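Engineer: Sending over a structure as C-alpha cells; questions will come in a sec.
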Amino acid sequence: MASFILRRIAVSVLILLAASFIMYVLAANSGDPLRDLRGGNPATEAQLIAARTAALDLDVPAPLRWFLWLGGAAQCLIPFANSCDLGLTLNNAEVATILPSAMLSTLQLVTVATLSAILLGVVVGIVTALRQYSGFDLTITFVSFFLFSLPSFLVAVLLKEFIAIGFNNFLQQGGAIPAVTVIVIAIVAGLIWQVLIGGPLRRRLTVFAISAVATGVVLGYMAVSEWFQNPGLGPVGILVGVAVVAIVTTLLVSGLGNRRALTTAGISAALAFVAYFALQGLFDISSVWTLLFVFLATVVVGLAIGWLLGGPDRGQSMRAGAITIGVSMVLVFLDRFMQSWPDYVNSSRINGRPIATIGSQTPGFNGDVWLTGIDSFTHLLLPTIALLLISFAQYTRYARAGLLEVLNQDYIRTARAKGLPERTVVMRHAFRNMLIPIATIVATDVGALLGGAVITERVFAISGMGNLFATSLGRTDLNPVMGYFLVIAIVAITFNFLADLAYAALDPRVRVR
Amino acid sequence: MSVNIQLGVPTQPEPEDRPDAVVGKSQGRLIFERFLQNRISVVSLVLFVLVIVFAFSATGFGPIPGWWKHSFTSLNAQAGAPSLSLWPFSLGDHPFGQNRIGVDYFALVMRGIQNSVIVMLVIGGLGTVVGTVIGAIAGYYRGWVDAVLMRITDVFIVIPAIVIGAVVGQTAGSSGLGVWVLSILLALVSWMSIARLVRAEFLSLREREFVEAARVAGASDMRIIFKHILPNAVGVVIVSATLLAASAILLETGLSYLGYGIRPPESSLGLLISDNQSAFSTRPWLYWWPALFIVGLALLVNFVGDGLRDAFDPRQKRFKRRKMREITDTVAKRS
Numbered sequence: 001m002a003s004f005i006l007r008r009i010a011v012s013v014l015i016l017l018a019a020s021f022i023m024y025v026l027a028a029n030s031g032d033p034l035r036d037l038r039g040g041n042p043a044t045e046a047q048l049i050a051a052r053t054a055a056l057d058l059d060v061p062a063p064l065r066w067f068l069w070l071g072g073a074a075q076c077l078i079p080f081a082n083s084c085d086l087g088l089t090l091n092n093a094e095v096a097t098i099l100p101s102a103m104l105s106t107l108q109l110v111t112v113a114t115l116s117a118i119l120l121g122v123v124v125g126i127v128t129a130l131r132q133y134s135g136f137d138l139t140i141t142f143v144s145f146f147l148f149s150l151p152s153f154l155v156a157v158l159l160k161e162f163i164a165i166g167f168n169n170f171l172q173q174g175g176a177i178p179a180v181t182v183i184v185i186a187i188v189a190g191l192i193w194q195v196l197i198g199g200p201l202r203r204r205l206t207v208f209a210i211s212a213v214a215t216g217v218v219l220g221y222m223a224v225s226e227w228f229q230n231p232g233l234g235p236v237g238i239l240v241g242v243a244v245v246a247i248v249t250t251l252l253v254s255g256l257g258n259r260r261a262l263t264t265a266g267i268s269a270a271l272a273f274v275a276y277f278a279l280q281g282l283f284d285i286s287s288v289w290t291l292l293f294v295f296l297a298t299v300v301v302g303l304a305i306g307w308l309l310g311g312p313d314r315g316q317s318m319r320a321g322a323i324t325i326g327v328s329m330v331l332v333f334l335d336r337f338m339q340s341w342p343d344y345v346n347s348s349r350i351n352g353r354p355i356a357t358i359g360s361q362t363p364g365f366n367g368d369v370w371l372t373g374i375d376s377f378t379h380l381l382l383p384t385i386a387l388l389l390i391s392f393a394q395y396t397r398y399a400r401a402g403l404l405e406v407l408n409q410d411y412i413r414t415a416r417a418k419g420l421p422e423r424t425v426v427m428r429h430a431f432r433n434m435l436i437p438i439a440t441i442v443a444t445d446v447g448a449l450l451g452g453a454v455i456t457e458r459v460f461a462i463s464g465m466g467n468l469f470a471t472s473l474g475r476t477d478l479n480p481v482m483g484y485f486l487v488i489a490i491v492a493i494t495f496n497f498l499a500d501l502a503y504a505a506l507d508p509r510v511r512v513r
Numbered sequence: 001m002s003v004n005i006q007l008g009v010p011t012q013p014e015p016e017d018r019p020d021a022v023v024g025k026s027q028g029r030l031i032f033e034r035f036l037q038n039r040i041s042v043v044s045l046v047l048f049v050l051v052i053v054f055a056f057s058a059t060g061f062g063p064i065p066g067w068w069k070h071s072f073t074s075l076n077a078q079a080g081a082p083s084l085s086l087w088p089f090s091l092g093d094h095p096f097g098q099n100r101i102g103v104d105y106f107a108l109v110m111r112g113i114q115n116s117v118i119v120m121l122v123i124g125g126l127g128t129v130v131g132t133v134i135g136a137i138a139g140y141y142r143g144w145v146d147a148v149l150m151r152i153t154d155v156f157i158v159i160p161a162i163v164i165g166a167v168v169g170q171t172a173g174s175s176g177l178g179v180w181v182l183s184i185l186l187a188l189v190s191w192m193s194i195a196r197l198v199r200a201e202f203l204s205l206r207e208r209e210f211v212e213a214a215r216v217a218g219a220s221d222m223r224i225i226f227k228h229i230l231p232n233a234v235g236v237v238i239v240s241a242t243l244l245a246a247s248a249i250l251l252e253t254g255l256s257y258l259g260y261g262i263r264p265p266e267s268s269l270g271l272l273i274s275d276n277q278s279a280f281s282t283r284p285w286l287y288w289w290p291a292l293f294i295v296g297l298a299l300l301v302n303f304v305g306d307g308l309r310d311a312f313d314p315r316q317k318r319f320k321r322r323k324m325r326e327i328t329d330t331v332a333k334r335s
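What follows is the structure, encoded as C-alpha cells:
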C-alpha cells in the first residue's frame, strides 16, 4: 500500500510537470502580452515595453521561461517559508496573493451548487429508478437530456432575464399571484405527487386531489397574506415542518414500526421546536461561528438522544435523531433569515429589487450575519441554479443507472425473497451499494470544482478562479493562467487519487496494487 | 482474399424463394434494425442531417454559392424584426430578422450552424480516430507501452477541456487561422476519454479465444488489432464518438462565447449569443435563433447517441448504464 501511494505520488508529480510545460508553452504562444502597450504614446511606449519585458522575462523564449517560472513555483513547497513566487501579472500584482481570494469566491459559489446537485440528483435518480418507465421517469429522462444539451451561458442569460427581473418585478408589484397561476401550479404539483406515490388508480386520484388542493391553499394563502413581502414560517409553520421532518426521517431511516427511532425523532423535533423560541435572542447577536456551533451542538444532542433511547439497534435511532434535529434546525435558521428579508429588501442599497444579476455581494452593504447571508443568497442564487441544473442532470442519470444496476443483483433478490420490507431492501441493501460508484464520481467532480465555472463566473461577473483564468488568457497574462492551472491540476490529481483510494476502501472487490 | 470455389452445379434457387427460409442477418444488419426501432433516434438523425444540409446549402460552402439571397457579411438596409410567418407560411425578406448593424440574421445563423457543425464533426471524427488508435495500442500491447501512453493521457486529462480548449482556441484565433485549424487543434486535445474506454475494452478483448486463435494462425499485431479486436469494440467507439460530438458543440459554442473560439467576421452560434445578449430585451430574436439551434443540435446528437447505445448493446436498454460500468471499470483498473 505504501509503495502504491509513493509510486502514485511520483507519477503525479511527473504528470503535473509535463502538463504545466505544455500549458505554459501553449499559453505563451496564444497571443502577445505587450499588445495593450503597442501603439500608445511613442515617447513612453518603448520604455513601458522594456519595463514589462524585464519584469516578466519576456526576452527569454517560452520553453526556457518555464524553468524560471518553475523555480519560483517550487518555492511553494518549502513549508511555512511563505516564499511562494508565482510571478507577476501584467499589472505587477503578485499572483500568489490574487489566487486565495479568487479561490474563496469560487468555493463560495460552487460548494452549494455541487452539494445540492448531488443531493437532488441522487434523490431524483432513485425515485426515477424505482418508478422506471413511469411518466415521471420519462419526463426526467427527457429533461436531463435537455439539460445536457444546454450550454451554461444560455441558461445564465435566461435566468437573468426571467427569474431575476421577473421575480423582482413580481415583488415590486405587490406579490400578487393570479388565480390561474395558482390553479395551474396546484394541478402540476398534484400530477407530480401522484406519479411519485404511484399505486392503483384510486390511490393516485386521492393523492392527486389532496396534494393539488394543499398546494393551491398554501399558494393562495401566501398571495393573500403578502407572504413574499414578509416571508416567515412562524410557530405553526415550524411545528408542521419539524413534525414532517421527524416522520419522513424515521420512515426512511428505520420505518415507522421502529418505535424507539420514532420516539427519538419526535423528541429531537420537539427540542428543535423549543430551540426555535429559546434561541431567537441569541440569533440576534450571532456570528457565523455561533450558528455553526449551535448547529453541531444540536446534532450531537440528537445523537445522544438516539444513543440513550436506542435499545438494541442504537445506530438507527441515533441516525434518526441526528438527521431530524439537523434538518429541523435548518428550518429554524431559515425562518430567522426570512425574518430579516423585509429589512434587506427595503434597505437603501437594494431598493426593493433583491435578486442580483452580477457580482457576489452588494458593494458597500453591511449588516449582521442574517442580512449579509441574504445578500450572498440573492447574489449567488442565479449562478448556483445555472451550475446546479447541469450537474443535476448528470447525477440523476448516474444515480438512476446505478440503482437499476444494483436492483438487478442476486443479493437484492435474496433480500426480497427472505421477506424484507421494500424500504429495507432499497435503503439498506440497494442504496448503500449504489453509493460506491457515486462516491468516486463525486470525488472526481469535487476535484474539478475549483476550476470548473469559467463560463458561469464570466456571465455573472464573479471574480473567482474561472474569471481570473478567462480574463488573463484574453490578455496573454501568463502567470495568473499558470497559477490557475497549478491549483486546479493539483486539486484534480489529488481528488482522482482520493477517488481511487475511496473506491478500494468502499468496495472490497477492488484492490489497489 | 476471398476464394471462389466453383462447383459444377447449375444455378440453385435463391434461399429467399423458399417461404420457410430463415434469412441469416449480419451483426451490422441486426444493429441497424435495432437502431431503426428507436423512433426518437431515427427522427433525430433525419432532422440532424436535414439541418446540416439546409445550413450548408443556404450560405454556400467553400467556392459553391448558396441559395440564400443575402450573405452573412453584407450590410442591408435596417429593418429589424423577423419577417418569418408560419401561418400563412411566408419567409419574407429577413426571416430571422437583422442584427443591430443590419446584417441578415438568417445568413448569420446558417453560417454559424455550418461552423459549429464543422467543429463538431472534426472533433468527433479526428478525436475518435486518435483516441481509438492510442487506446487500442495501449490496451493491446500493455506493459510499458500502455504505461507511457496512459501517462500521456493523464497529462492531457488533468487540464479541463474548457481550459485547454481556450488556450488552443486563443492560439488558433489570434494567429488568424480559420475554423478548420481551430477544430483540428481542439480535436487533438479531446481524445482522452475515448482512449481510456477503448483501452479498457481492448484489455478484456485481447484475452479472448478468437484473438488467441488469430495469433496462433500467424496474424500480425496490426491485423489482430484492426481486423479482430476493433470490430468487436466498435460499439464503444461509435457511442463515445457521438457523445464527444455532442460535447464538442457545447465546447465550441462556449469558447466562441468567451471569445476564444471562432472570431468575427466569421459567424458561430456561441459568438452570436455573446454579441447579442445585451440586446435581449429589445431584440430577443437575436438571442432565440442561435439558442434554438445550439440546444437543438446538441439534443439531436444526444438522442442519436442514445439510440446507437441501445442498438449496440441490446442487453442494456437503459441509458448510461454501460458508460457507468466503464467509468467504474477504468477507475478500478487505473488504480
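Those protein sequence lines, which keep their order, are chains A and B. Quick note: the first sequence uses full-length UniProt numbering, first residue 1, plus one each step. Quick note: the second sequence uses full-length UniProt numbering, first residue 1, plus one each step. Every residue, glycine too, gets a C-beta built ideally from N, C-alpha and C. Note that the structure is predicted; figures quoted are calculated from it, not measured.
Using a Cβ-Cβ cut-off of 6 Å (strictly less than) and excluding sequence neighbours within five positions of A:Asp500, which residues of its own chain qualify?
Structural biologist: Result list for A:Asp500: empty, nothing under 6 Å.
Engineer: How would you label A:Ile78, buried or exposed, when you count the other beta carbons within 10 angstroms and need 16 or more for buried?
Structural biologist: exposed
Engineer: Pick helix, strand or coil for B:Gly60, following the three-state DSSP scheme.
Structural biologist: strand
Engineer: Give me the residue from A:Val425, A:Val459, A:Pro363 with the minimum Cα distance to A:Thr384.
Structural biologist: A:Val459
Engineer: Since A:Arg458 meets chain B, which of its residues come closer than 7 Å, beta carbon to beta carbon?
Structural biologist: Leu258
Engineer: Which whole runs of the alpha helix (DSSP H) in the region 137 to 174 of chain B are 4 residues long or more, in chain order?
Structural biologist: For the region 137 to 174 of chain B, whole alpha helix (DSSP H) runs of length 4 or above, ordered along the chain, are 143 to 158, 161 to 174.
Engineer: Can you list, in chain order, the residues of its chain with a C-beta nearer than 6 Å to that of B:Ser190? Leave out the 5 residues immediately preceding and following it.
Structural biologist: The residues Ile123, Gly127, in chain order, have a CB closer than 6 Å to that of B:Ser190 in the same chain once the five nearest residues on each side in sequence are set aside.
Engineer: Relative to the C-alpha of A:Leu119, which candidate in A:Leu435, A:Leu382, A:Leu107, A:Val13 has its C-alpha closest?
Structural biologist: A:Leu435
Engineer: Taking C-alpha atoms, which residue in A:Met329, A:Ala261, A:Ala51, A:Val95 lies nearest to A:Gly315?
Structural biologist: A:Ala261
Engineer: With burial defined as no fewer than 16 other Cβ atoms inside 10 Å of the residue's Cβ, what is the status of B:Asp310: buried or exposed?
Structural biologist: buried
Engineer: Beta-carbon separation of B:Thr242 and B:Val304 under 8 Å?
Structural biologist: Result yes, Cβ atoms of B:Thr242 and B:Val304 sit closer than 8 Å.
Engineer: Could you tell me whether the region 37 to 55 of chain A touches the region 186 to 204 of chain B, using the rule of 3 or more Cβ pairs below 8 Å?
Structural biologist: no
Engineer: Do we get a CB-CB distance below 8 Å when we pair B:Tyr287 with the residues of chain A?
Structural biologist: yes
Engineer: Would you kindly check if the distance between the Cβ of A:Asn29 and the Cβ of A:Ala2 is under 8 Å?
Structural biologist: no
Engineer: Taking Cβ-Cβ distances shorter than 7 Å, what residues in chain E pair up with B:Ala291?
Structural biologist: Chain labels in this structure do not include chain E; the protein chains are A and B.
Engineer: Count the other C-beta atoms from every protein chain shown that fall within 10 angstroms of the C-beta of B:Met222, then say buried if there are 16 or more, exposed otherwise.
Structural biologist: exposed
Engineer: Do you know how far the Cα of B:Ala161 is from the Cα of A:Leu498?
Structural biologist: Rounded to the nearest angstrom, the gap between the Cα atoms of A:Leu498 and B:Ala161 is 21 Å.
Engineer: Locate the alpha helix (DSSP H) running through A:His379, then write down its first and last residues.
Structural biologist: Run containing A:His379: 369 to 407, per the alpha helix (DSSP H) assignment.
Engineer: Residues of chain A with CB closer than 7 Å to the CB of B:Asp154, please, in chain order.
Structural biologist: Near B:Asp154 (Cβ distances below 7 Å), the residues of chain A are Ile15.
Engineer: Name the residues in the region 86 to 103 of chain A whose C-beta lies less than 7 Å from a C-beta of chain B; which are they?
Structural biologist: none
Engineer: I want to see whether chain A comes within less than 8 Å of B:Arg318, judged by CB atoms only; does it?
Structural biologist: With a pLDDT of 45 at B:Arg318, under the threshold of 50, the predicted position of this residue should be treated as unreliable, though the coordinate-derived value follows. Yes, its Cβ sits closer than 8 Å to a Cβ of chain A.
Engineer: Give the residues of chain B in contact with A:Leu150, contact being defined as C-beta atoms less than 7 Å apart.
Structural biologist: Those within 7 Å of A:Leu150 in chain B are Val295.
Engineer: Quick check: the Cα distance between A:Phe295 and A:Met329, rounded to an integer number of angstroms?
Structural biologist: 7 Å
Engineer: Of all the CB atoms in chain A, is at least one closer than 8 Å to the CB of B:Val282?
Structural biologist: Sequence check: residue 282 of chain B is Thr here, not Val. No, no contact with chain A.
Engineer: Counting contacts by CB-CB distance shorter than 8 Å, is A:Ile474 in contact with chain B?
Structural biologist: Note that residue 474 of chain A corresponds to Gly in the displayed sequence, not to Ile. Output row for A:Gly474: interface = yes.
Engineer: Can we say the region 144 to 153 of chain A touches the region 248 to 267 of chain B, given the rule of at least three CB pairs closer than 8 Å?
Structural biologist: yes
Engineer: When the cut-off is 8 Å and only beta carbons count, does A:Gly31 lie next to chain B?
Structural biologist: yes
Engineer: Are B:Gly169 and B:Tyr260 closer than 8 Å when you measure CB to CB?
Structural biologist: yes
Engineer: Output the boundary residues of the alpha helix (DSSP H) element that contains A:Phe497.
Structural biologist: 478 to 506
Engineer: If contact means a Cβ-Cβ distance below 8 Å, which residues of the region 22 to 52 of chain B contact chain A?
Structural biologist: none
Engineer: By the 10 Å Cβ neighbour count, where 16 or more other Cβ atoms means buried, how is A:Trp341 classified, buried or exposed?
Structural biologist: buried
Engineer: Is it true that the CB of A:Thr298 sits closer than 8 Å to the CB of A:Ala272?
Structural biologist: yes
Engineer: Could you tell me the distance, in whole angstroms, from the CA atom of A:Ser268 to the CA atom of A:Asp335?
Structural biologist: 18 Å
Engineer: List the DSSP bridge partners of B:Gln98.
Structural biologist: B:Asp104
Engineer: Quick check: the Cα distance between A:Gln173 and A:Ser348, rounded to an integer number of angstroms?
Structural biologist: 18 Å
Engineer: Could you work out which residue in A:Trp69, A:Ile358, A:Ala393, A:Leu389 is closest to A:Phe377 when comparing CA atoms only?
Structural biologist: Taking only the C-alpha atoms, the option nearest A:Phe377 is A:Ile358.
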